[in-house]
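Quick notes on the structure that follows.
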Amino acid sequence: MQTIDKDYKRSQLEGTSVINGPIEHLANACKEKIFEVMKDSTYSVGDKVVRVAYPAKAVHEILVNAILHRDYSLSSDVHVTIYDNRISIKSPGKLPGNVTVDNIREAHFNRNPNIVRMIHRLPNPINHDLGEGLDTAFNEMRDAGLVPPEIAAMDDSVEVTLKHQRLASYEDQIMEFLETHDSIANREARQLTGEGSENKIKRSLQRLLKAKKIEPSDAEASRFNRRYRKVRSENSENSENSENSDEQLPLIESD
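When we follow the UniProt record's numbering, the leftmost residue of the sequence shown carries the number 1, and every step to the right adds one.
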């Protein structure tokens, strides 16, 4: 996938791969394919190139969970979608038992106990004890400085998304960007942060405007073309005014 947007065109798709085989092979081969596709993956924000990298253990644990704990009574497959700033892994079936998105790290329910036990008895098993794999994924993302995995429960599937989004606040990332760039637009801020919601970035920009940290580059620009720049300090403005003043001191020339 060559886009960060939720809506995409067919021309932006890179093609699909189908992986079949035993469970252990599925997990390992799929992980290899993900990193093959993402090798040297980057995306651009203005003139800044952001390199995309995810902790291998986090990807592995989410994949293993999706394969081992899926609902095998459903005919659909595990789907992995790779975007340029996130990886989405969708597993067939609702969350089992009393497990919810809110308690998923504490409440444990083994939907396929025989499969889990069998895989765990193999040499160098791909799975941990129940519950440990998800904790590992969360810890690996945190240690990599990335936001936690995002879990969404749907009627017939569970989707886990690993985002290439730094733990720093959106406001901090925007202000850091403006240290080396003249201005930023909402879309560039979404690319920078990995946030897909235009409204969330809009709220971050509004907070920065209210705090008088940024200002519109062109107050008359339309909403769709609006860009923001860092508010200049009084010292820098006074410095510029003195440099542009007609009453500048004459240069002293040496003999």
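All residues carry an ideal CB built from backbone N, CA and C; glycine is no exception.
No experiment lies behind these values; they were computed from the predicted model shown.
Same chain only: Cβ atoms within 7 Å of residue i, ignoring 5 sequence neighbours per side
| i | result |
| --- | --- |
| D135 | R105 |
| R70 | V78, S91, P92, G93 |
| A137 | A58, E61, I62, P149 |
| R166 | G145, L146, Q173 |
| I119 | I23, E24, L68, P125, I126, N127 |
| T42 | V49, V50, R51, V52 |
| V231 | K212, K213, I214, E215 |
| R86 | T161, L162, K163, H164, G194 |
| G15 | none |
In DSSP terms, what residue i is bridged to
| i | result |
| --- | --- |
| R51 | T42 |
| R229 | E215 |
| R207 | None; R207 has no bridge partner. |
| K90 | H79, E159 |
Helix, strand or coil at residue i [DSSP, three-state]
| i | result |
| --- | --- |
| V64 | helix |
| T16 | coil |
| T180 | coil |
| D246 | Here D246 scores only 49 on pLDDT, less than 50, and its place in the model should not be relied on; the value that follows carries that caveat. DSSP places D246 in coil when its eight states are reduced to three. |
| H79 | strand |
| R70 | coil |
| N28 | helix |
| N103 | coil |
| A221 | coil |
| N199 | helix |
Cβ-based neighbour list, residue i, same chain, cut-off 6 Å, excluding 5 preceding and 5 following
| i | result |
| --- | --- |
| I126 | E24, A27, V64 |
| V37 | I82 |
| Y170 | T193, S204 |
| H181 | G46 |
| A153 | L95, V101 |
| A29 | I19 |
| R190 | I201 |
| A66 | V78, I89, S91 |
8 Å Cβ shell around residue i - same chain, five flanking residues per side excluded
| i | result |
| --- | --- |
| N186 | E198, I201, K202, L205, R226 |
| S17 | K33 |
| L122 | E24 |
| S183 | S217, R227, Y228, R229 |
| L208 | E171, I174, M175, I214, Y228 |
Min CB distance residue i to chain C below 7 Å
| i | result |
| --- | --- |
| L95 | In the displayed structure, chain C is absent; only one protein chain is listed. |
Sufficient close CB pairs (3 or more, under 8 Å) joining the segment 61-81 to the segment 153-168: yes
Stretch pair the segment 151-158 + the segment 92-107: three plus CB contacts closer than 8 Å: yes
Count Cβ pairs between the segment 115-132 and the segment 43-57 that sit closer than 8 Å; are there 3 or more? no
Taking only runs of the alpha helix (DSSP H) that begin and end inside the segment 108-192, which ones reach a length of at least 4 residues, in chain order? 113-120, 132-143, 170-178
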